[in-house]
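S.K.: Below you will find the structure I want to go over with you.
4 protein chains.
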Amino acid sequence: MFNLGNFLQLSTFGESHGKAIGGIINNFPAGIVIDLEKIQQQLDRRRPGQSAIVTQRKEGDKIEFLSGISNGISTGMPISFIINNENSKSKDYNHLKDSFRPSHADFTYQEKFGIRDYNGGGRASARETANWVSAGALAKQILPKEIEITAFVSSVGEIFCVKPYQDLDFSNIDSNEVRCPDWETAEKMISKIKEIKKEGNTIGGTITCVIRNLPIGIGEPVFGKLQAELAKAMLSINACKGFEYGSGFCGAKMTGKDHNDLFNPDFTTKTNLSGGIQGGISNGMDVYFRVAFKPVATLLQPQESYDRQGNPILLEGKGRHDPCVVPRAVPIVESLAAFVLADLYLINKTRNLNK
Amino acid sequence: MFNLGNFLQLSTFGESHGKAIGGIINNFPAGIVIDLEKIQQQLDRRRPGQSAIVTQRKEGDKIEFLSGISNGISTGMPISFIINNENSKSKDYNHLKDSFRPSHADFTYQEKFGIRDYNGGGRASARETANWVSAGALAKQILPKEIEITAFVSSVGEIFCVKPYQDLDFSNIDSNEVRCPDWETAEKMISKIKEIKKEGNTIGGTITCVIRNLPIGIGEPVFGKLQAELAKAMLSINACKGFEYGSGFCGAKMTGKDHNDLFNPDFTTKTNLSGGIQGGISNGMDVYFRVAFKPVATLLQPQESYDRQGNPILLEGKGRHDPCVVPRAVPIVESLAAFVLADLYLINKTRNLNK
Amino acid sequence: MFNLGNFLQLSTFGESHGKAIGGIINNFPAGIVIDLEKIQQQLDRRRPGQSAIVTQRKEGDKIEFLSGISNGISTGMPISFIINNENSKSKDYNHLKDSFRPSHADFTYQEKFGIRDYNGGGRASARETANWVSAGALAKQILPKEIEITAFVSSVGEIFCVKPYQDLDFSNIDSNEVRCPDWETAEKMISKIKEIKKEGNTIGGTITCVIRNLPIGIGEPVFGKLQAELAKAMLSINACKGFEYGSGFCGAKMTGKDHNDLFNPDFTTKTNLSGGIQGGISNGMDVYFRVAFKPVATLLQPQESYDRQGNPILLEGKGRHDPCVVPRAVPIVESLAAFVLADLYLINKTRNLNK
Amino acid sequence: MFNLGNFLQLSTFGESHGKAIGGIINNFPAGIVIDLEKIQQQLDRRRPGQSAIVTQRKEGDKIEFLSGISNGISTGMPISFIINNENSKSKDYNHLKDSFRPSHADFTYQEKFGIRDYNGGGRASARETANWVSAGALAKQILPKEIEITAFVSSVGEIFCVKPYQDLDFSNIDSNEVRCPDWETAEKMISKIKEIKKEGNTIGGTITCVIRNLPIGIGEPVFGKLQAELAKAMLSINACKGFEYGSGFCGAKMTGKDHNDLFNPDFTTKTNLSGGIQGGISNGMDVYFRVAFKPVATLLQPQESYDRQGNPILLEGKGRHDPCVVPRAVPIVESLAAFVLADLYLINKTRNLNK
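So this is what it looks like as structure tokens:
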């Protein structure tokens, strides 16, 4: 209970400033040739310190596999990995032992468990997402190679990438710091983030993710719908505030006549407001969804708060923090999507044994 | 696998036009006095045929409990229930045997399973939600009585209820057909739906749900976050296209300085853009979220489609269908939220045994 | 949680004297042609009132399927079934409201849950096993047809069927009331049970189960071993006190030299003390195991006990009860074994996608 | 899926000759003071090289905790641990790359997964049990301190400890190499094992486990029975061939009159053939069970076998192996029992919220 995935299962552990973080993946099939480079690449895309607009914290984030892979091939046994924590300046957090940061999980963890690890946010830290990226990049390798999962930054604050995703060149995504494939928009986003950073403030944004070449039939009726599994995974990301797929919240303003996706004779559809899913099951069209992220709660400017005794205090972020979370969240979104798909892909192997 | 809930678990069964639908709830605690009236009330709020703006299908929707309740008290044994299907006009669906309705699950079910029950949508029908309402209304009774879960229609098409929920009188929700507590807005919504219905068209909308008096500590770190569990449940509803909580997609446009919820000395917060959740765990403030619903796909006007052989056909909804799903979805949203909360509430009993 | 099976999952409900018992099977594959006759046959083998040596209670035990099967073919949707309770003489149990029968679950249910349904043992009644037989007989139909699962009575009290199972003609099993394929032994067993019954006493026994033609590869390493799954299922049967497979408890007396199963060149083994399983995984040889059942606790003679207030009382079974449980437990053992195998068989489809 | 435990969950990883083994425990409650010494003590009791009658392999088996414990107190977060592999002589196993050892899992792993780690048995090695001992010794600390879980060797080959467990002094268990509390029997067992070892042979045995002071109410009806959970855990141990509790297989020879446990006025029972469990739920009496272990399959004498091509070969154990597994299995049995109990103990906290 409280793992990621239904059949393909990820258990994770680790606190931000503990010795290591890591995880175990159960029910990974045997015989998959594992490309370790690709896993490290996704981890590097998530890593702090990549560019001027993300946190300057340096984390090596070198993943080490301890089991389940033999000579580069999965053996069907649990795959475990650890990522050592390094460069963790616990003294940055001593002032938080007895105080609760606004819009952080300090207060709720303390109240729920009666104890909390306050260093770097402990278990509530987004450092955990390095585990997800590792597991997702692995799970991606279970899927048929033609399936493409691509996420990009579609807004920062009020700056939106207004072009439909079909008009974007995804090969541009990593060519700029903010990971928006539209250069003009990307520049505006980067300026905005730099401006916000200078103020010691932070800003929110959204990420759009597109899944291409997904076979028909992925996702389960009723309690395992593809969109529900994706929503759950995305809402698990630390700053995530919302999820929509296909027409999303805009679809709620439309009429059925405009919204219905009429079939072509080959059962592709003329439009794709459905977002590639009908009845929880992929229909062969692109699956696409959008994820909202709130601004990072840690500000490099003073904020009023209270200590555990209720005395007023002033808090100011002293660590190294992101002014905007979305550029680094791009590989997180992709990896969680990959894990969800791989889980449902394996399950689908049992649905009709005659196929 | 593929039940609702982690610990408190609902398994359901049933096709729209089969003999019955129903479910089994596992791990329901013993000693709960069950108010069967309240369950039937929620079912009646979901039922077709309530008013002029919903489907005129007549379904009795009488729930029968078969186990787990003795003299009105839960025994700790699995609670099972069935709701017989009546008045199901299967012949309404004969024309669908070999054709796929646009934006329905006909095509994906057929492709995934190689077989499908085409009567009334079979398992993909929203009739399943009667099971969820039953189970959720039961699960609600596990929770402390002071917890209030209230959903209402916050938009129909382009018509929005713009007042903040704090300014609405929730006792008005059921006083009008559309279940919007703001009378003026409600009237506009009702007119719009009648107009759309006359055209044989349908329209989307949103529902807002507010949870009051939830104790601190409900929800689990990392893979059992309250918002993730709610999102998954809501995205399981048939027409749902999106979920946001607290500041939601608007939060993605904001800066941290504006978004952070500063504490009061008693650890309530001055604002509540967080939506009552920090780190996946309730913080004692109101939890609120919004759910987007697409327009119903079945239109009472002809639509072009193709039969299984790829020949062009004209489809026209012949059954009795809703022009707008949101009024009847209100109890569904409430019930799923109740089930999610009851599940996490029970789990929380094991988190610190010293408490 | 607390279902039967890991992936193929059975949830059940029902008390002995409630309206009905039944269950839901999740993740049953689509496209399986279902032979309903075979399910009813196994239920009839379990049913009370079949012969002079089992309880004379009459239960129709007619199973009704409510979902998941369309025109005799599984649709991939949850399969649900109910078996109505009839002929339940609740007044037989009124004397038990405030008293606890020796070696029954009355006391533990009352203490654990603070409430219990005392009619006919409520949820603790072996009536539940009718659900298992139904589900197991269904699950059997997922498996390749050549797999044979055969159980028989191998001892009653001190009377043992001493021949190795290879020397028995399994077609004789149902030719006598006690379901022992060795006629001579069967006659002794029947006499013994009749004698015991006359005394108002009961007697224990064992069942041996043999699984033939099981493919290599069924069962999972470490926490899903075939023998562990079988053991768990068997120990769930109401009167079961023990499980052994292959050499079992006798194997604990042996040396490695005598116990090891040497290979033939085709990787069958010369002996089969392993019981067809190595490392939790079937090796292609016969899987066989033995299950011990205690004597039925309800005696048709007076026993001393105490009521809830601790006052001494005399209890005497007034209902219709079995003098020996093993003849009717034969289809239960077979059905549970079938369910376990079908669960692991489906899971195995995901282990190596290249196969 | 395929973890140990229903709610308290252990995921493990690791191959015998990989870098490390380890695990993650989910849903461990917060606020438990952890005695790390006790965990290491149990690990030391399991460790090879303790005495003349067990394998002379030297493994440090030092456990390292990576998360979930802060200043010696559990935080409610996943507890992870690793045990590094050292002194693993992989070259001892090179001859096994293309051959299958009799009564080992080499053949079934190869066939099922199409790939296997042949060094030291890989994942199928009993080295995995070090993970279980770690997790079980931790889980033990969740339970009320008065609960005692004590296992001991009750037979080696044909040598049985015939005294009832009530007449044994459990403080003697660790005073001899074989872990049988009856000195006279212990001496015979030790001689027997030494004799068998000299021959390069191995021998089986049984372990009895007694759980004292278990509160009433542990265990769940139907699919979570205490005996079924214990059986599943025990049958997961590598060499285990059988499980019985209470009267066990002897109970199958008895009559109900002799077998029933009559109550005392305080609802303890006069006898305890039930083994402390009624209806799957503990009744406050001692829970006791017995586990059968086959002789170790690796012999230090030549055995005939075949390589993957079907050519005859002679195999002879070259590593360091146990002549008898039961002395070292004592802490394994205790630890698995502790884990099962802790899992069911936590679940029981949710059964009646009024208590």
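Protein chains in written order, with this note's numbering: chain A, 2 to 356; chain B, 2 to 356; chain C, 2 to 356; chain D, 2 to 356. Yeah, the Cβ is synthetic: ideal placement off N, Cα and C, and Gly gets one too.
1. Tell me where the alpha helix (DSSP H) around residue 17/C begins and ends.
2. Between the Cα of residue 19/A and the Cα atoms of 233/D, 281/D and 71/D, which residue gives the shortest distance?
3. What is the DSSP secondary structure of residue 152/A, counted as helix, strand or coil?
4. How many whole angstroms separate the CB atoms of residue 16/C and residue 118/C, which I take to be in contact at a CB cut-off of 8 angstroms?
5. Quick one: what's got a C-beta closer than 8 angstroms to residue 265/A's C-beta in the same chain, skipping five residues either side?
6. Between residue 351/C and chain A, is the shortest Cβ-Cβ distance under 9 angstroms, so that the two count as touching?
7. Return the residues of the stretch 63-86 of chain D that lie within a Cβ-Cβ distance of less than 7 angstroms from chain A, sorted by chain order.
8. Could you tell me the alpha carbon to alpha carbon distance between residue 215/B and residue 349/B, rounded to whole angstroms?
9. Below 7 angstroms between beta carbons is the criterion; list the residues of the stretch 111-136 of chain B that meet it against any residue of chain A, in chain order.
10. I'd like the list of long-range same chain contacts for residue 98/B, defined as Cβ closer than 8 angstroms, with 5 residues on each side in sequence excluded.
11. Which residues of the stretch 12-34 of chain C have a Cβ closer than 8 angstroms to any Cβ of chain B? Give them in chain order.
12. How is residue 357/D classed by DSSP in three states: helix, strand or coil?
13. Run through chain B and tell me which residues come within less than 8 angstroms of residue 355/D, C-beta to C-beta.
14. Counting only beta-carbon separations shorter than 9 angstroms, does residue 335/C have a partner in chain D?
15. For the beta strand (DSSP E) holding residue 245/C, just list the boundary residues, first then last.
16. Comparing the C-beta of residue 195/A with each C-beta of chain B, is any distance below 9 angstroms?
17. Could you check how far apart the C-beta atoms of residue 3/D and residue 132/A are, in whole angstroms? I think they sit under 8 angstroms.
18. Which residues does DSSP list as the beta-bridge partners of residue 206/D?
19. Could you please give me the residues that DSSP links to residue 213/B through a beta bridge?
20. Please identify the residue among 336/A, 309/A, 186/A and 231/A whose C-alpha is closest to the C-alpha of residue 291/A.
21. Do residue 76/D and the ligand SAH come close, with the Cβ less than 8 angstroms from some heavy atom?
22. Taking just the CA atoms, how far does residue 56/A sit from residue 50/A?
23. Which residues, in order along the stretch 298-314 of chain A, keep a beta-carbon less than 7 angstroms from a beta-carbon of chain B?
24. Which of the three DSSP states, helix, strand or coil, is assigned to residue 279/B?
25. Residues in its own chain within less than 7 angstroms of residue 129/D by CB, not counting five upstream and five downstream?
26. Residues of chain B with CB under 9 angstroms from residue 101/C, in chain order?
27. If we cut at 9 angstroms on Cβ distances, does residue 223/B have a partner in chain A?
28. Check whether chain C comes within 9 angstroms of residue 262/D, counting only Cβ atoms and requiring the distance to be less than that.
29. List, in order along the chain, the chain B residues whose C-beta lies closer than 7 angstroms to that of residue 192/A?
30. Just to confirm my understanding: we take residue 183/D, look at its own chain, exclude 5 residues before and 5 after, and list those with CB closer than 8 angstroms. What are they?
31. In chain order, what residues of the same chain lie with their CB nearer than 6 angstroms to the CB of residue 67/C, ignoring the 5 residues before and after it?
32. Can you name the residues that DSSP bridges to residue 325/C?
33. Find the residues of chain D that neighbour residue 357/C, judging by a C-beta separation of less than 9 angstroms, and give them in chain order.
34. Beta carbons nearer than 8 angstroms to chain A: which residues of the stretch 157-169 of chain B have them?
35. At a Cβ cut of 7 angstroms, what residues of the stretch 283-295 of chain C count as close to chain A, listed as they run along the chain?
36. Return no unless some Cβ of chain B is closer than 9 angstroms to the Cβ of residue 143/D.
M.R.: Reading from the atomic positions:
1. Indexing the third sequence from 1 puts residue 17/C at position 16. Element bounds for residue 17/C: n/a, residue is neither H nor E.
2. Locating residue 19/A in the first sequence gives position 18, counting from the first residue. Checking every option, the nearest Cα to that of residue 19/A belongs to 71/D.
3. Position 151 of the first sequence, counted from the first residue, corresponds to residue 152/A. Three-state result, residue 152/A: strand.
4. The sequence position of residue 16/C within the third sequence is 15, counting from 1. The sequence position of residue 118/C within the third sequence is 117, counting from 1. That belief holds up - the Cβ atoms of residue 16/C and residue 118/C are roughly 5 angstroms apart, short of 8 angstroms.
5. Here the question's residue 265/A lines up with position 264 in the first sequence. Spatial neighbours of residue 265/A in its own chain (CB-CB distance under 8 angstroms, excluding positions within 5 residues in sequence) are listed in chain order as 271.
6. Here residue 351/C refers to the residue found at position 350 of the third sequence. For residue 351/C, a Cβ of chain A is located within less than 9 angstroms of the residue's own Cβ.
7. Shown in chain order are the members of the stretch 63-86 of chain D whose Cβ falls below 7 angstroms from a Cβ of chain A: 67, 68, 69, 71, 74, 76, 77, 78, 79 and 81.
8. Working through the second sequence from its first residue, we reach residue 215/B at position 214. Working through the second sequence from its first residue, we reach residue 349/B at position 348. For residue 215/B and residue 349/B, the distance between alpha carbons rounds to 13 angstroms.
9. Contacts with chain A (Cβ-Cβ distance below 7 angstroms) from the stretch 111-136 of chain B involve 112, 113, 114, 115, 124, 125 and 129, listed in chain order.
10. By 1-based counting over the second sequence, the position of residue 98/B is 97. Counting only Cβ-Cβ distances below 8 angstroms, and skipping sequence neighbours, we find 119.
11. Taking 8 angstroms as the Cβ-Cβ cut-off against chain B, the residues of the stretch 12-34 of chain C that qualify are 12, 13, 14, 15, 16, 19, 20, 21, 22, 23, 24, 25, 27, 28, 31 and 32.
12. Residue 357/D cannot be examined here, being either before or after the span of chain D that is shown, 2 to 356.
13. Along the fourth sequence, read from residue 1 onward, the residue named residue 355/D stands at position 354. What residue 355/D touches in chain B: 32.
14. Taking the first residue of the third sequence as position 1, residue 335/C is located at position 334. Judged by the 9 angstroms Cβ criterion, residue 335/C is not in contact with chain D.
15. In the third sequence, residue 245/C corresponds to position 244, counting from 1. Residues 241-246.
16. Locating residue 195/A in the first sequence gives position 194, counting from the first residue. No, no contact with chain B.
17. Taking the first residue of the fourth sequence as 1, we reach residue 3/D at position 2. Taking the first residue of the first sequence as 1, we reach residue 132/A at position 131. Contact check for residue 3/D and residue 132/A: beta-carbon distance about 20 angstroms, past the 8 angstroms limit, so the pair fails to qualify.
18. As a first step, residue 206/D is located in the fourth sequence; it is residue number 205 there, counting from the start. Residue 206/D pairs with 157/D and 294/D.
19. In the second sequence, counting from the first residue as 1, residue 213/B sits at position 212. DSSP, once it has assigned bridges, lists 149/B as partnering residue 213/B.
20. Here residue 291/A refers to the residue found at position 290 of the first sequence. The residue with the shortest Cα to Cα distance from residue 291/A is 231/A.
21. Among the components of this structure there are no ligands whatsoever, and the ligand SAH is therefore not found.
22. If you number the first sequence from 1, residue 50/A lands on position 49. If you number the first sequence from 1, residue 56/A lands on position 55. Taking C-alpha positions only, residue 50/A is separated from residue 56/A by approximately 6 angstroms.
23. Within the stretch 298-314 of chain A, the residues whose Cβ lies closer than 7 angstroms to some Cβ of chain B are 298, 300, 304, 305, 306, 307 and 311, listed in chain order.
24. Your numbering for residue 279/B matches position 278 in the second sequence. Three-state result, residue 279/B: strand.
25. As a first step, residue 129/D is located in the fourth sequence; it is residue number 128 there, counting from the start. The residues 13, 15 and 22, in chain order, have a CB closer than 7 angstroms to that of residue 129/D in the same chain once the five nearest residues on each side in sequence are set aside.
26. Position 100 of the third sequence, counted from the start, is the residue given in the question as residue 101/C. For residue 101/C, none of the residues of chain B pass the 9 angstroms Cβ criterion, the least Cβ distance being about 17 angstroms.
27. Residue mapping note: residue 223/B aligns to position 222 of the second sequence, counting from 1. Yes, residue 223/B counts as interfacial toward chain A.
28. Indexing the fourth sequence from 1 puts residue 262/D at position 261. For residue 262/D, at least one C-beta of chain C is nearer than 9 angstroms to its own C-beta.
29. The sequence position of residue 192/A within the first sequence is 191, counting from 1. Residue 192/A does not reach chain B, its nearest Cβ partner there being about 15 angstroms away, counting only Cβ pairs nearer than 7 angstroms.
30. Looking up residue 183/D in the fourth sequence gives position 182. Only 162, 164, 169 and 173 meet the Cβ criterion.
31. On the third sequence, residue 67/C is found 66 positions in, with the first residue counted as 1. Taken in chain order, the residues that qualify are 81.
32. On the third sequence, position 324 is the one that residue 325/C refers to. Paired residues: 204/C.
33. Because residue 357/C is not part of the residues shown, which for chain C are 2 to 356, the question remains open.
34. Those would be 158 and 159, in chain order.
35. Residues of the stretch 283-295 of chain C that bring their beta carbon within less than 7 angstroms of a beta carbon in chain A are absent altogether.
36. Translated into positions along the fourth sequence, residue 143/D becomes position 142. Using a Cβ-Cβ cut-off of 9 angstroms, residue 143/D counts as an interface residue toward chain B, since at least one Cβ of chain B sits closer than that to its own.
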